[in-house]
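A.B. asks: Residues in the sequence shown are numbered from 198 upward in steps of one, following our numbering. In this text, a Cβ means the ideal position worked out from N, Cα and C, and glycines have one as well. Handing you this structure, nothing more for now.
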Amino acid sequence: MLTLSGDEPDDGDHYEDFLETIEFLYGRDKGATIKVELDREMRRFRKLLQQLPSSATDAKRARNKVQRTLKRVMARTERVGSTAERDSMLAEPSINVPLAPADLHQAEAFARVARAVDAREIIEYWKSAPYLLNFMRDYTLKHRLKDKAANSNRALISALSDAQALGIRREQVEAYQPIDPANGRLRALMADLFDSGLHQHLWLPPAVTYYGPASEGTPATKALVFSAWQMVPDALAALLSYEAERRMGAASVVRSYSEATRRRPLQFKLVDGRPAAMRALHLIYPSPTLARICDPLSVFSGAPEQLSVAEMRAAIADRIRAALGHLFAKGNGGEAAGRDAEWSTPATIDVLLKTKSSGWLQYLGYRWTIQEEGFREHIAELRRTATEATLGELDNDTLDLLVDVALGSPAVCALRALHRIAPGLAWDDPHLMDAAASVAWGFRALFNQHDAVALLRQERDDHYWRSALTHGVEHNLQSVLDEYAHYLVEGEGLAGSSERERVAGVAAAMTHALSVRPSQIDVDDVGVEDGKVVFHPSIRLRGRFAMRLAEYKDDEGGTVRLGSVRDAFNSPFRPFVLATTSIGQEGLDFHPYCYRVYHWNLPGNPVDLEQREGRVHRFKGHAVRHNVARAHADAIRTSTKPPADPWEAMFNAAKRATTSKSELVPYWVFDGPVKVERRVPMLPMSRENTRLRWLKRSLTLYRLAFGQPRQDDLLAYLDRLVDEGVDVAALEELQIKLEP
198 MLTLSGDEPD DGDHYEDFLE TIEFLYGRDK GATIKVELDR EMRRFRKLLQ
248 QLPSSATDAK RARNKVQRTL KRVMARTERV GSTAERDSML AEPSINVPLA
298 PADLHQAEAF ARVARAVDAR EIIEYWKSAP YLLNFMRDYT LKHRLKDKAA
348 NSNRALISAL SDAQALGIRR EQVEAYQPID PANGRLRALM ADLFDSGLHQ
398 HLWLPPAVTY YGPASEGTPA TKALVFSAWQ MVPDALAALL SYEAERRMGA
448 ASVVRSYSEA TRRRPLQFKL VDGRPAAMRA LHLIYPSPTL ARICDPLSVF
498 SGAPEQLSVA EMRAAIADRI RAALGHLFAK GNGGEAAGRD AEWSTPATID
548 VLLKTKSSGW LQYLGYRWTI QEEGFREHIA ELRRTATEAT LGELDNDTLD
598 LLVDVALGSP AVCALRALHR IAPGLAWDDP HLMDAAASVA WGFRALFNQH
648 DAVALLRQER DDHYWRSALT HGVEHNLQSV LDEYAHYLVE GEGLAGSSER
698 ERVAGVAAAM THALSVRPSQ IDVDDVGVED GKVVFHPSIR LRGRFAMRLA
748 EYKDDEGGTV RLGSVRDAFN SPFRPFVLAT TSIGQEGLDF HPYCYRVYHW
798 NLPGNPVDLE QREGRVHRFK GHAVRHNVAR AHADAIRTST KPPADPWEAM
848 FNAAKRATTS KSELVPYWVF DGPVKVERRV PMLPMSRENT RLRWLKRSLT
898 LYRLAFGQPR QDDLLAYLDR LVDEGVDVAA LEELQIKLEP
């Protein structure tokens, strides 16, 4: 705990709380005595620290005595000692934050508006967000503007007219026209996100790819943004999501921005009373036969080198011919099925091989969709056709379809991923199939999102269901879900549960993350008409690619809880950027798919800086998994039979190979090219440059103040020593270390 002189009295006396905790830990017999002795030794240590550098030897002896007392009842393992480079797996890449003429024009225009309404200087606001009149909803400037609107003077009208011309325009949004970032920090963030093509993904690439290009270079990750200003999360969510949609080609799919959410291609409608979307069932029917026979992990584990997408497709096609070819031979009990029944082929295969899928479809399958109009009729038709039809020739078209279903169907991939964490269940266990189908239903919600529709329509001209299958194949959906399922077992506290409880819990978490709908962000539209200040109805923008960590109303009017936003961010799916104003978002972790923290505004002290970065530096975090995968992916190729859980195999291999005695390795820390990233987008020559240097130096110094009263006084003295030339490394030697 870092206690500063400006802390509220209600926060209590942290030094006294610390001593009372030690008294409690030592117990009734010794506690009171130890408390008095420790207080005396802590004060002596403090006095010696204030006499540095001449008292260094005595200070080290005093530190050792305090350390021995504390280590009998407490321990703290530091990450820094568990990494070869003693960097705690933390890196700080440089960021170019360019200023553009548009930024300066906005600064001048909004400053004039602020002066006209007697509001405070806007420079700190301007450095943090663009389009201040659009996003400063609950700030004094906006309140004063509303107060003066009825009796506005010439200076205000002139200033507001100029600012209005630089703001976000409704017709601009509706036509998907570019919106200039108009802010150096936002421009830098957009470059980080969009130059890497992240907007072209519906989910993050996996740390291990079973086929296609292997993960190299700096892998894609999510971004966690901390800001001091309430307007920043809304501005980032709105403008980043808008630009992502625009780059995904949304304008080529819909006539206007507001129309985008109305198109949902995957709907199970009835036409003339008959099911009209049977082929879309390829996305949500979990075929146990295709899941078992066509596992890309099995092919990956047996291949001497990484296969391309085409080579993996060929390998899966060979397995289908070898294992299922006899089912397609003529004379197998009836005439060849017509081409219009191709949608039933996976289910028919399962029936012919006497799996339990037919009974599952009849009695258990998709029971939660009972309110979905038309869907029950589709399932009844699938069950009827699968049990009555026969299979015709296994031609190239049918084979290509089965390969796509085997590698790209969310239902089939989910069935495999769930079976990996519950290998004791049969492939056709009704509970396993039920869980896989629920995940697939979540993917239906994902594929019906406006941004997914724009992306898949842009990629190919196939039927939409086929485009979704192909996207799953080309973007390694199986390895994505395998990695996600492995994380969720521990993330959801299911490691000790029964296998059926485990798959149900993991499937529920996946479905929940997949089903989060876009947020609605109201952007103020203020202008001048006929010489008067006018407040138009808000421009409504969506947050999907990026979101604010907060409760919100979705695009259908429903309430989405803060926890749902966090769960979606902690998945491989969108949002890819999460913005918050909380200092360190205490108690919440964001590490599963994020190793990059943006300090949009620097915190007031080093503890808060460390707290922020600690949110993404946790157990089996994204950076750790990438390093483990790059070092030990060969653990999956140790035998002809792949491991039940590939990620468990890789972490076990990493544990066996480590020479570190720290229990943090390999789960919390694992050396490699991927680091937790501290990113600080600062304008050139701004005062944040000096403040960041102070914060980083203070990260070392504040540990010397561990347990001390009036810590800011001690920190100020130590900081002055460094300014006078005392080596920070020498001071670091005096830290109280509590490693066991």
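May I have a chain-ordered list of the alpha helix (DSSP H) segments no shorter than 4 residues that lie completely inside the region 417 to 481?
C.D. replies: Qualifying alpha helix (DSSP H) stretches, in chain order: 428 to 444.
A.B. asks: Along the chain, where does the alpha helix (DSSP H) containing Ser716 start, and where does it finish?
C.D. replies: Careful: Ser716 lies outside any alpha helix (DSSP H), inside the beta strand (DSSP E) at 716 to 726.
A.B. asks: To the nearest angstrom, how far is the alpha carbon of Leu246 from that of Ala253?
C.D. replies: Taking the straight line from one Cα to the other gives about 8 Å.
A.B. asks: Check whether the Cβ atoms of Ala316 and Arg341 lie closer than 8 Å to each other.
C.D. replies: Yes; because the gap between Cβ atoms is below 8 Å, this pair is in contact.
A.B. asks: Which same chain residues end up closer than 6 Å to Ala477 when comparing Cβ atoms and leaving out the 5 residues on each side of it in sequence?
C.D. replies: Closer than 6 Å at the Cβ level, and outside the excluded window around Ala477, lie Leu463, Trp662.
A.B. asks: Is Lys893 close to chain C, meaning its C-beta is less than 8 Å from at least one C-beta of that chain?
C.D. replies: No chain C appears in this structure, which consists of one protein chain only.
A.B. asks: Give me the DSSP bridge partner(s) of Tyr795.
C.D. replies: Answer is Val422, Arg876.
A.B. asks: Under a Cβ-count criterion, where at least 16 other Cβ atoms within 10 Å of its own Cβ denotes burial, should Glu440 be classed as buried or exposed?
C.D. replies: Glu440 should be labelled buried.
A.B. asks: Report yes if the C-beta distance between Leu935 and Lys257 is below 8 Å; otherwise report no.
C.D. replies: No, they are not a contact pair.
A.B. asks: Going straight from the alpha carbon of Pro840 to that of Tyr408, what length do you get?
C.D. replies: Those two C-alpha atoms are separated by around 17 Å.
A.B. asks: With burial defined as no fewer than 16 other Cβ atoms inside 10 Å of the residue's Cβ, what is the status of Arg884: buried or exposed?
C.D. replies: So Arg884 ends up on the exposed side.
A.B. asks: Whether or not the region 633 to 646 and the region 505 to 525 are in contact is what I'm after, with contact meaning three or more pairs of Cβ atoms, one per stretch, closer than 8 Å; do they touch?
C.D. replies: No: fewer than three Cβ pairs fall under 8 Å.
A.B. asks: In three-state terms, what does DSSP make of Asp751?
C.D. replies: In this structure, Asp751 counts as strand in the three-state DSSP scheme.
A.B. asks: Should Gly436 and Leu353 be called a contact, given that it needs their Cβ atoms to be closer than 8 Å?
C.D. replies: Checking the sequence, you will find Leu at residue 436 rather than Gly. Not closer than 8 Å, so no.
A.B. asks: Answer yes if the region 814 to 828 comes into contact with the region 898 to 918, meaning at least three C-beta pairs across the two stretches below 8 Å, and no otherwise.
C.D. replies: Result no; under three Cβ-Cβ pairs closer than 8 Å.
A.B. asks: Since Ala346 and Val310 are thought to touch, with beta carbons under 8 Å apart, how far apart are those beta carbons, to the nearest angstrom?
C.D. replies: Incorrect: roughly 12 Å between the Cβ atoms, too far for contact.
A.B. asks: Under 6 Å Cβ to Cβ from Val703, same chain only, skipping five residues before and after it: list those, please.
C.D. replies: Taken in chain order, the residues that qualify are Ala682, Leu685.
A.B. asks: Could you pull out every unbroken beta strand (DSSP E) segment of at least 3 residues lying fully inside the region 297 to 343, listed in chain order?
C.D. replies: Counting whole runs of 3 or more residues, the region 297 to 343 contains no beta strand (DSSP E) stretch at all.
A.B. asks: Does DSSP classify Leu588 as helix, strand or coil?
C.D. replies: Coil.
A.B. asks: Give me, in chain order, the residues of the same chain whose beta-carbon lies closer than 7 Å to that of Ala608; leave out the 5 immediate sequence neighbours on both sides.
C.D. replies: Excluding sequence neighbours, Ala608 sits near Leu480, Ile481, Tyr482, Pro483, Ala633, Ala634, Ala637.
A.B. asks: Select from Arg793, Thr337, Gln717 the residue whose C-alpha is nearest the C-alpha of Lys750.
C.D. replies: Among Arg793, Thr337, Gln717, the Cα nearest to that of Lys750 is on Gln717.
A.B. asks: Counting beta carbon pairs with one atom in the region 299 to 308 and one in the region 376 to 390, are three or more of them shorter than 8 Å?
C.D. replies: The region 376 to 390 vs the region 299 to 308: in contact.
A.B. asks: Quick check on Arg737: does DSSP put it in helix, strand or coil?
C.D. replies: Strand, per DSSP.
A.B. asks: Does Leu643 come out as helix, strand or coil in the three-state DSSP assignment?
C.D. replies: In this structure, Leu643 counts as helix in the three-state DSSP scheme.
A.B. asks: Answer yes if the region 415 to 432 comes into contact with the region 686 to 693, meaning at least three C-beta pairs across the two stretches below 8 Å, and no otherwise.
C.D. replies: These segments do not touch.
A.B. asks: So, using beta-carbon positions, are Ala420 and Leu390 closer together than 8 Å?
C.D. replies: Result yes, Cβ atoms of Ala420 and Leu390 sit closer than 8 Å.
A.B. asks: Please go through the same chain and pick out, in chain order, the residues whose beta-carbon is closer than 6 Å to the beta-carbon of Ser424, but skip the five residues on each side of it.
C.D. replies: Once the five neighbours on either side are set aside, the close Cβ partners of Ser424 are Thr778, Trp797, Asn798.
A.B. asks: Pull up the CB-CB distance for Ser554 and Pro620, whole angstroms please, since I reckon it's below 8 Å.
C.D. replies: The Cβ separation is near 19 Å, so there is no contact.
A.B. asks: Sorted by chain position, which residues of the same chain lie with C-beta nearer than 8 Å to Val602's C-beta, five sequence neighbours on each side aside?
C.D. replies: Excluding residues within five positions, the ones whose Cβ falls inside 8 Å are His479, Ser484, Leu487, Pro543, Val609, Leu666.
A.B. asks: Going by Cα to Cα distance, which pick from Tyr373, Asp868, Met445 is closest to Arg452?
C.D. replies: Nearest of Tyr373, Asp868, Met445 to Arg452, Cα basis: Tyr373.
A.B. asks: Apart from the five residues just before and just after Val650, which ones in its own chain have a Cβ nearer than 7 Å to its Cβ?
C.D. replies: Hits under 7 Å: Val450, Arg460, Pro462.
A.B. asks: Are the CB atoms of Val873 and Val804 nearer to each other than 8 Å?
C.D. replies: No, they are not a contact pair.
A.B. asks: What does the alpha-carbon distance come out to for the pair Arg243 and Ala272?
C.D. replies: Each residue's alpha carbon lies about 21 Å from the other.
A.B. asks: Below 8 Å between beta carbons: does that hold for His819 and Pro772?
C.D. replies: Cβ atoms of His819 and Pro772: not closer than 8 Å.
A.B. asks: Answer with buried or exposed for Glu680, where buried requires no fewer than 16 other C-beta atoms within 10 angstroms of its C-beta.
C.D. replies: It counts as buried.
A.B. asks: Pick out whichever of Asp910, Glu921, Gly755, Gly904 has its Cα sitting closest to the Cα of Gln932.
C.D. replies: When only C-alpha atoms are compared, the closest one is Gly904.
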